[in-house]
Amino acid sequence: MKIAVRLTFFGEEITKLVDYPGRPGSQGEVIQWLLSQTDLQWTDYDRASQEDKILYHYDEGTVQ
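Quick note on numbering: the sequence shown equals residues 16 to 79 in this note's numbering.
Here it is, written out as structure tokens:
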């Protein structure tokens, strides 16, 4: 079945129409499935190397 998903992180919104395997029994089930499909990564930005910081600013260009 297709489900419409809208995720908002720190004011940035992502909307997708995705194929869900089967029929969800609850919103919690959908949330668990979404988390299993998501690759979340984080780093200590203040202590990251300049090279690593560039990855977080690919839309804006190199950060000085």
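Ideal Cβ placement from N, Cα and C applies to all residues, glycine included.
Only a predicted model underlies this, so the values are computations on that prediction, with no experimental measurement involved.
Note the first and the last residue of the continuous beta strand (DSSP E) segment covering Leu70. Where Leu70 is concerned, there is no enclosing beta strand (DSSP E), although the alpha helix (DSSP H) it sits in stretches over 65-70.
Using only the alpha-carbon positions, how far apart do Glu44 and Thr58 sit? Rounded to whole angstroms, the separation of the alpha carbons of Thr58 and Glu44 is 28 angstroms.
Name the DSSP bridge partner or partners of Ile46? Ile46 pairs with nothing; no bridge assigned.
Given this structure, state the Cα-to-Cα distance separating Val33 from Leu55, to the nearest angstrom. One Cα belongs to Val33, the other to Leu55, and the distance between them is close to 18 angstroms.
Using CA atoms only, rank isn't needed, just tell me which of Pro39, Gly26, Asp67 is closest to Ala19. Pro39
Asp34 - DSSP class collapsed to helix/strand/coil: strand
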